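Chemist: These protein sequence lines map, in sequence, to chains L and U. The working numbering applies: residue 1 is where the first sequence begins, and numbers increase by one. The working numbering applies: residue 1 is where the second sequence begins, and numbers increase by one. All C-beta atoms, glycine included, are put in the ideal place defined by N, C-alpha and C. All of these numbers come straight from a predicted model, not from anything done at the bench.
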Amino acid sequence: MATLRDEIFPIRSSDDIVKVRQVTREWALMQTFSLVDQTKIVTAASELARNTLEYGRGGEVRIQAVQEGPRRGVRLTFTDQGPGIPDLAKALQDGFTTGSGMGLGLSGSKRLVNDFDIQSEVGKGTTVMIARWK
Amino acid sequence: MEKRTKLAEMVRNQHDVILKDWVESQLNATTLRRELMKESELREQSREFLSLYTQSVQSGEGIGDAAWKPVKDFLGQITRSRVLLGFTPSETATFIFSLKQPLFDVIRSTLKDPKELVADIWATTTLLDNLGLYVMELHQQNREEVIHRQQEELLELSTPVVQLFENILALPLIGTLDSARTQVVMENLLQRIVETGAMIAIIDITGVPTVDTLVAQHLLKTVAAARLMGADCIISGIRPQIAQTIVHLGVDLSEVTTKATLADAFMIALQRTGASVTKSAVSQPKG
Ligand SMILES: Nc1ncnc2c1ncn2[C@@H]1O[C@H](COP(=O)(O)OP(=O)(O)O)[C@@H](O)[C@H]1O
Ligand SMILES: [Mg+2]
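1) Count the other CB atoms within 10 Å of the CB of Glu195 (chain U); is the residue buried (16 or more) or exposed (fewer)?
2) Whose CA, out of U:Asp120, U:Asn13, U:Ile174, lies closest to the CA of Asn130 (chain U)?
3) What does the Cβ neighbour count give for Gln191 (chain U), buried or exposed, with the cut at 16 atoms within 10 Å?
4) Ordered along the chain, which non-local residues of its own chain (more than five positions away) have a Cβ less than 7 Å from that of Met37 (chain U)?
5) Whole angstroms is fine: what's the gap from Ser158 (chain U)'s alpha carbon to Thr213 (chain U)'s?
6) Can we count Ser59 (chain U) as close to ligand 1, meaning its CB is less than 7 Å from some heavy atom?
7) Just checking: is the beta-carbon of Asp120 (chain U) within a distance shorter than 8 Å of some beta-carbon in chain L?
8) Using three-state DSSP, classify Ser34 (chain L) as helix, strand or coil.
9) Of the residues U:Ala198, U:Val162, U:Met199, U:Glu166, which one's Cα is nearest the Cα of Val185 (chain U)?
10) Between the segment 57-68 of chain U and chain L, which residues of the former have a C-beta closer than 8 Å to a C-beta of the latter?
11) Go ahead and label Ser46 (chain L) buried or exposed: buried means 16 or more other beta carbons lie within 10 angstroms of its beta carbon, across all protein chains shown.
12) Take the Cβ of Glu156 (chain U) as the centre, count every other Cβ of all protein chains shown within 10 Å, and call the residue buried at 16 or more, exposed below.
13) Grouping DSSP H, G and I as helix and E and B as strand, with all else coil, what is Met10 (chain U)?
14) Which residues of chain U have a Cβ atom closer than 7 Å to the Cβ of Met30 (chain L), listed in chain order?
15) Taking 8 Å as the CB-CB limit, is Thr257 (chain U) close to chain L?
16) Looking only at DSSP bridge pairs, what is Leu169 (chain U) linked to?
17) Could you tell me the distance, in whole angstroms, from the CA atom of Ser276 (chain U) to the CA atom of Ile78 (chain U)?
18) Any idea if Lys115 (chain U) is buried or exposed, counting beta-carbon neighbours within 10 angstroms, 16 or more meaning buried?
19) Only counting the same chain, and skipping five residues up and downstream in sequence, which positions put a Cβ closer than 8 Å to that of Val48 (chain U)?
20) Strictly below 8 Å CB to CB, what residues from chain U border Lys134 (chain L)?
21) Please say whether Lys110 (chain L) and Leu92 (chain L) have beta carbons closer to each other than 8 Å?
22) With 7 Å as the C-beta to C-beta threshold (strictly closer), list the residues of the segment 35-68 of chain L near chain U in chain order.
23) Note down, in chain order, every chain U residue with its Cβ under 9 Å from the Cβ of Ser107 (chain L).
24) Tell me which residues of the segment 217-229 of chain U have at least one Cβ-Cβ distance to chain L shorter than 8 Å, keeping chain order.
25) What beta strand (DSSP E) runs, 3 residues minimum, are completely inside the segment 21-98 of chain L?
26) Do you know offhand how far Ile203 (chain U)'s Cα is from Val118 (chain U)'s?
27) In the structure shown, what three-state DSSP assignment does Gly207 (chain U) receive?
28) Grab the span of the beta strand (DSSP E) containing Lys259 (chain U) for me, first residue to last.
29) Measure how close the beta-carbons of Val18 (chain L) and Phe9 (chain L) come, nearest whole angstrom, since I'm counting them as under 8 Å.
30) Residues of chain U with a CB under 8 Å from the CB of Val74 (chain L): which are they?
31) Which residue comes first and which comes last in the beta strand (DSSP E) that contains Ile213 (chain U)?
32) Within a Cβ cutoff of 6 Å, which residues of the same chain sit near Val128 (chain L), ignoring the five residues on either side of it in sequence?
33) Does any heavy atom of ligand 1 sit closer than 7 Å to the C-beta of Ser14 (chain L)?
34) May I have the straight-line CA-CA distance separating Thr98 (chain L) from Lys90 (chain L), to the nearest angstrom?
35) Does Ser158 (chain U) come out as helix, strand or coil in the three-state DSSP assignment?
36) Could you check what DSSP says for Arg4 (chain U) in three-state terms: helix, strand or coil?
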């Protein structure tokens, strides 16, 4: 798999979330994603960036434009050193929230992308990787 | 062509009323910086813009059309001077967006046919949104050095609540909705519902690029609050890609009336308030 572009962006404020959305849209466009595909990956990025900020006490996202054979994709990896998630299965249930959200960020983003992977350790932090392919 | 001539005529005939309302609303706007600009200057700029606007409406469709060049040149001129005076992008854009209500009022009191009314209001709102965004862009180009702050404002800007018709309010949203600003915008809508006793509020999200769960939650909360105050909301501007994404997220909007465009939403709203439409538009036209 070839990486065409690879950058890291901080997630420390809600402005950073806006920035993450902008960059994700730009890169999806660069990968010639359709409007629907762009919207899906941007929306998932928005959800996960906000989780990183709100629950993970901030962190960063690595954005990659990738190519595998004829397939072009955008991959995002969100990392934080926050409190971690004690029960992943529960966190991935529709409607589950420990805050005041709709509890659809994790489960919803999972449905919006092709690849989804989440690792979390209590006291250490959380990493969520998503990718959407054209 | 015919339609454009009519729109232009309408504005020309009611020129003085529009100008008076427009200047007044600019003077009342919280974004007016009295210390930066004299009232007489504002009045002069408004008069000149309105006359150029009328000419361009008559001869050119979208603002990309050559017929709009004089309007854009003029906006370029006043934007530059406002940048130098220290105006922010939203303060500058208020010049354009505050023209909406006066124009809507005139269209509403002139046209009797709901179809025509919808078409003209739609055409006007699209034009002014485009001009407003054009001004914001110009403003930004003019001040590269403080770009960050301005981008934030560009993103946070939302146009004001406008009354489309008796009992019908519209809130056209532009930009991102995940800031403290959203709260203010939504509270503002609820406040206007109370003030006007509106039966229907149309929240138009055509200008909102991303609808995630936070945005959806804000919208649903506003709809619920409006309902408690006796007003029904219609959410318009749900484009196909947004609809798909909302469904995948698992957000349930089935309790809310949604429409693809503001014009569609307005038609539904007129139907629902049917009785009053016929009464106010036909038997007692307002002046
Ligand atoms: N990065 C993270 N660090 C710690 N906890 C998280 C993180 N992301 C998600 N969570 C937990 O998972 C729950 C579900 O998240 P989500 O589906 O996005 O819903 P919401 O944001 O509405 O709470 C959150 O309420 C939180 O408890
Ligand atoms: Mg979330």
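Modeler: Put simply:
1) Mapped onto the second sequence, residue 195 (chain U) falls at position 195. Looking at its Cβ environment, which holds fewer than 16 other Cβ atoms inside 10 Å, Glu195 (chain U) is exposed.
2) For this step, residue 130 (chain U) is matched to residue 130 along the second sequence. Nearest option by C-alpha distance: U:Ile174.
3) To locate residue 191 (chain U), count along the second sequence from 1; it is residue 191. Gln191 (chain U) comes out exposed.
4) For the purposes of this step, residue 37 (chain U) is taken as residue 37 along the second sequence, with counting starting at 1. Answer for Met37 (chain U): Leu85, listed in chain order.
5) Here residue 158 (chain U) is taken as the residue at index 158 of the second sequence, counted from 1. Here residue 213 (chain U) is taken as the residue at index 213 of the second sequence, counted from 1. For Ser158 (chain U), the predicted model reports a pLDDT of 48, less than 50, meaning its position is unreliable; a value from the coordinates is still stated below. Rounded to whole angstroms, Ser158 (chain U) to Thr213 (chain U) spans 19 Å at the Cα level.
6) Indexing the second sequence from 1 puts residue 59 (chain U) at position 59. Taking 7 Å as the cut-off, the C-beta of Ser59 (chain U) does not count as close to any heavy atom of ligand 1.
7) Translated into positions along the second sequence, residue 120 (chain U) becomes position 120. Chain L, which has no Cβ nearer than 8 Å to the Cβ of Asp120 (chain U), makes this no.
8) As a first step, residue 34 (chain L) is located in the first sequence; it is residue number 34 there, counting from the start. In the structure shown, Ser34 (chain L) falls within a coil segment according to DSSP collapsed to helix, strand and coil.
9) The count along the second sequence starts at 1 and reaches residue 185 (chain U) at position 185. Measuring from the Cα of Val185 (chain U), the nearest candidate turns out to be U:Val162.
10) Taking 8 Å as the Cβ-Cβ cut-off against chain L, none of the residues of the segment 57-68 of chain U qualify.
11) In the first sequence, the residue the question calls residue 46 (chain L) occupies position 46. Buried, since its Cβ has 16 or more Cβ neighbours within 10 Å.
12) If you number the second sequence from 1, residue 156 (chain U) lands on position 156. Reliability of the predicted coordinates at Glu156 (chain U) is poor, the pLDDT of 48 falling under 50, and no value is obtained from them.
13) On the second sequence, residue 10 (chain U) is found 10 positions in, with the first residue counted as 1. DSSP places Met10 (chain U) in helix when its eight states are reduced to three.
14) Here residue 30 (chain L) refers to the residue found at position 30 when the first sequence is read from its first residue. Chain-ordered listing is empty here: chain U has no CB closer than 7 Å to the CB of Met30 (chain L), the nearest sitting near 17 Å.
15) Residue numbering aside, residue 257 (chain U) sits at position 257 when the second sequence is read from its first letter. For Thr257 (chain U), the answer is no, since every Cβ of chain L falls outside 8 Å of its Cβ.
16) Counting from 1 along the second sequence, the entry for residue 169 (chain U) is found at position 169. According to DSSP, which records beta bridges pairwise, Leu169 (chain U) is partnered with U:Gln163, U:Ala201.
17) The residue given as residue 276 (chain U) occupies position 276 in the second sequence. The residue given as residue 78 (chain U) occupies position 78 in the second sequence. Only weak support exists for where Ser276 (chain U) lies, its pLDDT of 47 falling under 50; the coordinates are left without a value.
18) The count along the second sequence starts at 1 and reaches residue 115 (chain U) at position 115. Burial check for Lys115 (chain U): the Cβ neighbour count within 10 Å stays below 16, so the residue is exposed.
19) On the second sequence, position 48 is the one that residue 48 (chain U) refers to. With the sequence shown as reference, residue 48 (chain U) is identified as Glu, and Val is not the correct amino acid for it. Around Glu48 (chain U): Phe74.
20) Reading the first sequence from its first residue, position 134 is the one you call residue 134 (chain L). Within chain U, no residue has its beta carbon less than 8 Å from that of Lys134 (chain L); the closest one is some 15 Å off.
21) Counting from one through the first sequence, the residue named residue 92 (chain L) turns up at place 92. Counting from one through the first sequence, the residue named residue 110 (chain L) turns up at place 110. For Leu92 (chain L) and Lys110 (chain L), yes; Cβs fall inside 8 Å.
22) For the segment 35-68 of chain L, which is checked against every Cβ of chain U, the residues closer than 7 Å are Leu35, Val36, Thr39, Lys40, Val42, Thr43, Ser46, Glu47, Arg50.
23) Within the first sequence, the letter at position 107 stands for residue 107 (chain L). What Ser107 (chain L) touches in chain U: Leu249, Gly250.
24) Correct list: Gln217.
25) At a cut-off of 3 residues, the continuous stretches assigned as beta strand (DSSP E) that sit fully inside the segment 21-98 of chain L are 59-68, 71-80.
26) What you label residue 203 (chain U) is simply residue 203 of the second sequence in a count that begins at 1. What you label residue 118 (chain U) is simply residue 118 of the second sequence in a count that begins at 1. Computed Cα separation, rounded: 16 Å.
27) Stepping through the second sequence from its first residue, residue 207 (chain U) is reached at position 207. Correct three-state label for Gly207 (chain U): strand.
28) As a position in the second sequence, residue 259 (chain U) is number 259, starting the count at 1. Secondary structure note for Lys259 (chain U): its beta strand (DSSP E) is the uninterrupted segment 257-259.
29) For the purposes of this step, residue 18 (chain L) is identified with residue 18 of the first sequence, where counting begins at 1. For the purposes of this step, residue 9 (chain L) is identified with residue 9 of the first sequence, where counting begins at 1. Contact annotation, Val18 (chain L) with Phe9 (chain L): C-beta distance approximately 11 Å; criterion of less than 8 Å not satisfied.
30) Mapped onto the first sequence, residue 74 (chain L) falls at position 74. The contacting residues do not exist; Val74 (chain L) stays about 15 Å from chain U at best.
31) Stepping through the second sequence from its first residue, residue 213 (chain U) is reached at position 213. Before going on, a small fix: residue 213 (chain U) reads as Thr here, not Ile. Counting along the chain, Thr213 (chain U) sits inside no beta strand (DSSP E); it lies in the alpha helix (DSSP H) bounded by residues 213-228.
32) Position 128 of the first sequence, counted from the first residue, corresponds to residue 128 (chain L). Result list for Val128 (chain L): Leu48, Phe78, Ile118, in chain order.
33) As a working mapping, residue 14 (chain L) is identified with position 14 in the first sequence. The answer is no for Ser14 (chain L).
34) Taking the first sequence and counting its residues from 1, one reaches residue 98 (chain L) at position 98. Taking the first sequence and counting its residues from 1, one reaches residue 90 (chain L) at position 90. When the Cα atoms are used, Thr98 (chain L) and Lys90 (chain L) turn out to be separated by approximately 11 Å.
35) One-based indexing of the second sequence puts residue 158 (chain U) at position 158. Legend: pLDDT at Ser158 (chain U) = 48, less than 50; position of this residue unreliable, no value from coordinates given.
36) Within the second sequence, residue 4 (chain U) is the residue found at index 4, counting from 1. Helix, per DSSP.
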